[in-house]
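Visitor: This is the structure I want to talk about, given as structure tokens.
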Amino acid sequence: MIRVLLADDHKLVREGLKQILAAAPDMEVAGEAANGDEALALAKANDYDLALLDMSMPGLAGIDLIKRLKIEKPALRLLVLSMHGEQQYAARALKAGAAGYLTKDSAAEQLLRAIRKVAAGGVHISDVAAASLVEGGGAPHAALSDREFEVLRMLAGGHGPTEIAERLRLSVKTVSTHKARILQKLGLGSTAELVRYALENGLLDG
């Protein structure tokens with residue numbers, strides 16, 4: 534039996550995923566978290582075979598959550614289920630320690646196959662994501678650190694420095710420093726240019 538820890542901040546999504554997993558005779562949802570901090574606490578306190586993670590949740594989330602889970606529970610297999618396009622996050626998620634990446638528009642059968650494959654020690658990645666791993670290395674934003682990439686996406690999404698600082702648990706000064714480095718690395722001169730770059734490169738939610 535594959536014991537799954539389910540982490541998503543949307544209750545409707547969690548309920549839908551639980552129904553899908555309940556129909557599989559070899560899986561059970563053994564834990565449920567509405568944010569990254571809950572997921573980390575549950576993972577530390579219990580033994581699961583696999584964690585099914587949303588990338589965007591309140592508090593600890595995304596690449597940071599993946600890295601923390603791998604530190605606390607190295608044997609725990611991580612499968613990302615995200616609304617973010619694979620070209621945005623797949624490479625970074627896998628590099629951080631995830632063993633698979635699926636978008637939320639994937640079919641139920643594809644999700645169950647991915648869970649079985651990852652739980653068995655394999656890696657699940659779609660052809661689109663595999664191509665982005667190869668091709669994405671040449672994009673200017675590939676040179677950004679994981680933290681800078683998060684700040685870039687949030688700035689482009691219309692979030693101000695104070696809100697970003699609160700969500701990523703940083704100081705406003707640190708966010709401003711990240712912003713300056715992002716603009717420098719991408720050769721951009723303003724937030725407006727940064728937004729345009731993010732749109733042109735498919736880095737916003739969609």
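Each residue of the sequence shown is one higher than the last, beginning at 534 in this note's numbering. Just so it is clear, CB atoms sit at the ideal spot from N, CA and C, and this is done for glycine as well.
1. Check whether the Cβ atoms of VAL613 and MET588 lie closer than 7 Å to each other.
2. Can you name, in chain order, every residue of its own chain whose Cβ lies under 8 Å from the Cβ of GLY630, other than the five neighbours on each side?
3. Quick check on this structure: which residue in THR707, LEU539, GLU683 has the alpha carbon closest to the alpha carbon of GLU571?
4. Ordered along the chain, which non-local residues of its own chain (more than five positions away) have a Cβ less than 8 Å from that of LEU583?
5. What residue from ILE553, LYS606, PRO558, VAL546 has the CA that sits closest to LEU573's CA?
6. Please state whether DSSP places HIS543 in a helix, a strand or coil.
7. Could you give the DSSP three-state label for HIS617: helix, strand or coil?
8. Alpha carbon to alpha carbon, what distance is there between ALA594 and LYS637?
9. Beta carbon of ALA713, beta carbon of VAL705: below 7 Å?
10. Around the C-beta of GLU642, are 16 or more other C-beta atoms found within 10 angstroms, so that it is buried, or is it exposed?
11. DSSP beta-bridge partners for GLU758?
12. Distance check for GLY722 and LYS544, CA to CA, integer angstroms please.
13. Write down the C-beta distance between ILE553 and LEU644 rounded to the nearest angstrom, noting that I regard them as a contact closer than 8 Å.
14. Using 8 Å for Cβ pairs, my map puts ALA672 next to ASN734. What's the rounded Cβ distance?
15. In or out: ALA576 buried (at least 16 other Cβ within 10 Å) or exposed?
Guide: In short:
1. Taking the first residue of the sequence shown as 1, we reach residue 613 at position 80. Taking the first residue of the sequence shown as 1, we reach residue 588 at position 55. Cβ distance < 7 Å, so VAL613 and MET588 count as in contact.
2. Working through the sequence shown from its first residue, we reach residue 630 at position 97. Taken in chain order, the residues that qualify are ILE599, LYS600, LEU602, LYS603, LEU611.
3. Counted from its first residue, the sequence shown places residue 571 at position 38. Of THR707, LEU539, GLU683, the residue nearest in Cα terms is LEU539.
4. Looking up residue 583 in the sequence shown gives position 50. Correct list, in chain order: ILE535, ARG536, VAL537, LEU538, LEU609, ARG610, LEU611, LEU612, ILE648, VAL651, ALA652.
5. As a position in the sequence shown, residue 573 is number 40, starting the count at 1. Checked all of ILE553, LYS606, PRO558, VAL546; the closest Cα to LEU573 is LYS606.
6. Position 10 of the sequence shown holds residue 543. Note: HIS543 maps to coil in three-state DSSP.
7. Position 84 of the sequence shown, counting from 1, holds the residue named residue 617. Three-state result, HIS617: coil.
8. Taking the sequence shown and counting its residues from 1, the one referred to as residue 637 is at position 104. Taking the sequence shown and counting its residues from 1, the one referred to as residue 594 is at position 61. Looking at the two C-alpha atoms, the distance is approximately 17 Å.
9. If you number the sequence shown from 1, residue 713 lands on position 180. If you number the sequence shown from 1, residue 705 lands on position 172. Contact: no.
10. What you label residue 642 is simply residue 109 of the sequence shown in a count that begins at 1. Exposed is the call here.
11. The chain is shown only over 534 to 739; residue 758 falls outside these bounds and no answer can be derived.
12. In the sequence shown, the residue the question calls residue 544 occupies position 11. In the sequence shown, the residue the question calls residue 722 occupies position 189. Going by the C-alpha atoms only, they are around 40 Å apart.
13. On the sequence shown, residue 553 is found 20 positions in, with the first residue counted as 1. On the sequence shown, residue 644 is found 111 positions in, with the first residue counted as 1. Their Cβ separation, rounded to whole angstroms, is 6 Å, which keeps ILE553 and LEU644 in contact under 8 Å.
14. If you number the sequence shown from 1, residue 672 lands on position 139. If you number the sequence shown from 1, residue 734 lands on position 201. Their Cβ separation, rounded to whole angstroms, is 7 Å, which keeps ALA672 and ASN734 in contact under 8 Å.
15. For the purposes of this step, residue 576 is identified with residue 43 of the sequence shown, where counting begins at 1. Label assigned to ALA576: buried.
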